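Below is one structure; the comments refer to it alone.
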Amino acid sequence: MVGMAQADQPKRDAKKDSPLKDFDLKRYGFKKNGDAYVAVYGRAGQTLPAGEHTAYAYVIFTDTGIYASDSHEAQHADNEEVANKSWHGHKVEFNEEGCIDEIGAFKSEAYIKNHRVIITDTGATQIFKALTVELEILVDDPDNPPPGTTCIVRVAQVFDEAVLALDNIKDDNAKED
92 MVGMAQADQP KRDAKKDSPL KDFDLKRYGF KKNGDAYVAV YGRAGQTLPA
142 GEHTAYAYVI FTDTGIYASD SHEAQHADNE EVANKSWHGH KVEFNEEGCI
192 DEIGAFKSEA YIKNHRVIIT DTGATQIFKA LTVELEILVD DPDNPPPGTT
242 CIVRVAQVFD EAVLALDNIK DDNAKED
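If you're matching positions, the sequence shown starts at 92 in the numbering used here and goes up one per residue.
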């Protein structure tokens, strides 16, 4: 079940409202096993950032917090299989300036499967919205920032945002996107 979305919200996000197909949100929900997912119109994770201090992320806002599957290590991979495994999940917190100021100790497995990004072990039962974003990394190692860092990563660009209808969430019989 999606929480707090309005009944008049769409069941799917509009196609072609993102400059990158693999960041063009289609829908989001939970797999039968409870893992959260984001589905896109393109092949998820296909575009990797070129810059050393750039990352891309799929972000979900849930009843247990904000989770991101990001690529900040994927661009260093030797091949596509390794790159797909380099996507990983974090619980994150944003400050008033729009910076991620905390990357929690919680790390989950996040993986790419066709048109989906799956984030495991969030414990969430509701998703309020999803974003796809480009991030600017402001420290050398975002998983281990220097003490006192107030901005680890900032959102440089939002590719797409989706807030979908309440009945869109359970994925009990949905086919692979």
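Where a beta carbon is used, it is the ideal one built from N, C-alpha and C, also for glycine. Please read all numbers here as calculations on a predicted model, not as lab measurements.
Going by the beta-carbon positions, is the gap between aspartate 104 and arginine 118 smaller than 9 Å?
As a working note, residue 104 is residue 13 in the sequence shown. As a working note, residue 118 is residue 27 in the sequence shown. For aspartate 104 and arginine 118, yes; Cβs fall inside 9 Å.
How many whole angstroms separate the CB atoms of aspartate 192 and threonine 241, which I take to be in contact at a CB cut-off of 8 Å?
As a first step, residue 192 is located in the sequence shown; it is residue number 101 there, counting from the start. As a first step, residue 241 is located in the sequence shown; it is residue number 150 there, counting from the start. Contact flag correct, Cβ pair sits at about 6 Å.
Rank Ala247, Phe219 and Asp251 by C-alpha distance to the C-alpha of glutamate 227 and give the top, closest one.
The residue labelled residue 227 in the question sits at position 136 within the sequence shown. Of the candidates Ala247, Phe219 and Asp251, the one whose C-alpha sits nearest the C-alpha of glutamate 227 is Ala247.
Can you tell me whether DSSP reads lysine 204 as helix, strand or coil?
As a first step, residue 204 is located in the sequence shown; it is residue number 113 there, counting from the start. Looking at lysine 204 - three-state DSSP - the assignment turns out to be strand.
What did DSSP end up calling aspartate 251 once you bin it into helix, strand or coil?
Within the sequence shown, residue 251 is the residue found at index 160, counting from 1. Residue state, collapsed to three classes: strand.
Whose C-alpha, out of Lys112, Phe114 and Gly120, is nearest the C-alpha of isoleucine 209?
Reading the sequence shown from its first residue, position 118 is the one you call residue 209. That would be Gly120, whose Cα lies nearest to the Cα of isoleucine 209.
Using the Cα positions of phenylalanine 152 and valine 249, report the straight-line distance between them to the nearest angstrom.
In the sequence shown, counting from the first residue as 1, residue 152 sits at position 61. In the sequence shown, counting from the first residue as 1, residue 249 sits at position 158. Whole-angstrom Cα-Cα distance: 14 Å.
Which listed residue (Gly125, Arg245 and Lys112) has its alpha carbon closest to that of glutamate 187:
Numbered from 1 along the sequence shown, position 96 holds the residue referred to as residue 187. Cα-wise, what sits closest to glutamate 187 is Arg245.
Here's a check: name, in chain order, each residue in its chain whose Cβ is nearer than 6 Å to the Cβ of aspartate 234, leaving out the five neighbours to either side.
As a first step, residue 234 must be located in the sequence shown, where it is residue number 143. Contacts found: none.
Pull up the distance between the alpha-carbon of glutamate 225 and that of arginine 134, whole angstroms please.
On the sequence shown, residue 225 is found 134 positions in, with the first residue counted as 1. On the sequence shown, residue 134 is found 43 positions in, with the first residue counted as 1. Cα-Cα distance, rounded: 17 Å.
How should aspartate 232 be labelled, buried or exposed, when 16 other C-beta atoms within 10 angstroms of its C-beta is the threshold for buried?
Along the sequence shown, read from residue 1 onward, the residue named residue 232 stands at position 141. Per the 10 Å Cβ criterion, exposed.
Measuring only the C-alpha atoms, how far is proline 110 from isoleucine 203?
As a first step, residue 110 must be located in the sequence shown, where it is residue number 19. As a first step, residue 203 must be located in the sequence shown, where it is residue number 112. Approximately 20 Å, taken between the alpha carbons.
Buried or exposed (CB count within 10 angstroms, at least 16 for buried), proline 238
For this step, residue 238 is matched to residue 147 along the sequence shown. Classification for proline 238: exposed.
For the beta strand (DSSP E) containing threonine 211, list its first residue and its last residue.
Here residue 211 refers to the residue found at position 120 of the sequence shown. For threonine 211, no beta strand (DSSP E) segment is defined, and its DSSP state is neither H nor E.
Leaving out five residues on either side along the sequence, give the residues of the same chain with a beta carbon under 6 Å from the beta carbon of alanine 201.
For this step, residue 201 is matched to residue 110 along the sequence shown. Closer than 6 Å at Cβ, skipping near neighbours: Ser160, Trp178, His179, Gly180 and Ile210.
Give the range of the beta strand (DSSP E) segment to which valine 224 is assigned.
Locating residue 224 in the sequence shown gives position 133, counting from the first residue. It spans 218-228 - the beta strand (DSSP E) in which valine 224 sits, taken as one unbroken run.
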